[in-house]
Amino acid sequence: MAVRVHALTRSGGVAAFVVGGLTFAAGTIGSALLLLAFFISSVALSRAGKARKRALVDIGKAGARDAWQVLANGGVATAALMGWVFLDHGAAASAWFVAFAGAYAAATADTWGTEIGTLAAKPPRSILTGKPLATGLSGGVSAPGTAAEVAGAVLIAILTPLALLLALPGTPVTLHVLTSLMLPVFAGGFGGALIDSLLGATLQERRWCPACQRECEVDQHGCGTATEHRRGLPWLTNDAVNFAATAAGAAIAGGGWSLLR
Ligand SMILES: [Zn+2]
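Numbering-wise, the sequence shown is residues -11 to 249 according to this note's numbering.
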């Protein structure tokens, strides 16, 4: 369905089928709930305010997601979920399950921040220097974008106890269990999005389109022109930064849960 409505390319559809299949096999509708919350909300937001999303097209962040983008957002979460199944044998008390939720919290927070931030009237500012940046460029922050990051992290945090309960019916859900699940997942979500912005402002590769005379983040610009490396690490693409952000989200959530449990 996602390929049909151009939310995913064909390769993205294959990757999403693998990620989704493993996720559903690991925790049935419980673990799939977090994947769907991330994916459906991201596709819906990417369709809101299409005219202004022109900015994301210019940067190279728009359009159907390919396999690399699917794995950048869902790879860490799926690996953590496999850790839950094979290392912790699907136990109720597992840092792996919380890490899985934290990875999707980071992916959701970051995606909501980008999509909502793009709709803001004022241009975003660099998280490091405070200088105005082209809308959609990595490393830029705005008040609406940051509020959206918080909201995205909150959504996944609130759904995490429900996901665990659906994956493992009969799990005792005390107030302590609720807080020790939700707080680390929220922290992982917001922390992951923050790391995404920091990497975007510092080490992430930035390219230059000579035809349009503007910065972008893709090898071939939307106009069809080949782009030149301008600054940053040439291998640290937007996908690599998303992967790092979800890994940070997973580590913060799993670690935080281990401290609070
Ligand atoms: Zn161009």
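Here a beta-carbon is modelled for each residue, glycine too, at the ideal position from N, C-alpha and C.
Backbone secondary structure at residue i - three-state DSSP
| i | result |
| --- | --- |
| V45 | helix |
| S114 | strand |
| R53 | strand |
| R249 | coil |
| P120 | strand |
| E205 | coil |
| R219 | strand |
| A232 | helix |
| G212 | coil |
| A(-4) | Reading off the sequence shown, one finds Leu at residue -4, where the question assumed Ala. Correct three-state label for L(-4): strand. |
| G237 | helix |
| G244 | helix |
| G127 | coil |
| H77 | coil |
| A155 | helix |
Any non-hydrogen atom of ligand 1 within 8 Å of residue i CB
| i | result |
| --- | --- |
| G290 | Within the shown structure, residues of the chain are numbered from -11 to 249, placing residue 290 beyond reach of any answer. |
| R218 | no |
| A122 | no |
| A199 | yes |
| R42 | no |
| R194 | no |
| R202 | yes |
| T213 | yes |
Environment of residue i [buried if 16+ CB atoms lie within 10 Å]
| i | result |
| --- | --- |
| C211 | exposed |
| E216 | exposed |
| G177 | buried |
| F231 | buried |
| L75 | exposed |
| A238 | buried |
Cβ-heavy atom distance, residue i to ligand 2, below 8 Å
| i | result |
| --- | --- |
| T96 | In the structure shown, ligand 2 is absent; the only ligands present are ligand 1. |
What runs of the beta strand (DSSP E), each 3 residues or longer, lie entirely inside the segment 178 to 202? 194 to 197
The segment 25 to 32 touching the segment 155 to 166, judged by at least three CB pairs closer than 8 Å: no
Using 8 Å as the cut-off, can you tell me whether the segment 80 to 91 makes contact with the segment 110 to 130, which would need three or more C-beta pairs spanning the two stretches below that distance? no
If contact is defined by three or more beta carbon pairs under 8 Å, each pair taking one atom from either stretch, is the segment 38 to 54 in contact with the segment 75 to 85? no
Using 8 Å as the Cβ pair cut-off and three pairs as the minimum, do the segment -11 to 4 and the segment 124 to 141 touch? no
Within the chosen definition, does the segment -4 to 11 reach the segment 59 to 70 through at least 3 CB pairs nearer than 8 Å? yes
Touching or not, the segment 200 to 208 and the segment 132 to 151, by the rule of three or more beta carbon pairs under 8 Å? no
Could you tell me whether the segment 165 to 176 touches the segment 116 to 128, using the rule of 3 or more Cβ pairs below 8 Å? no
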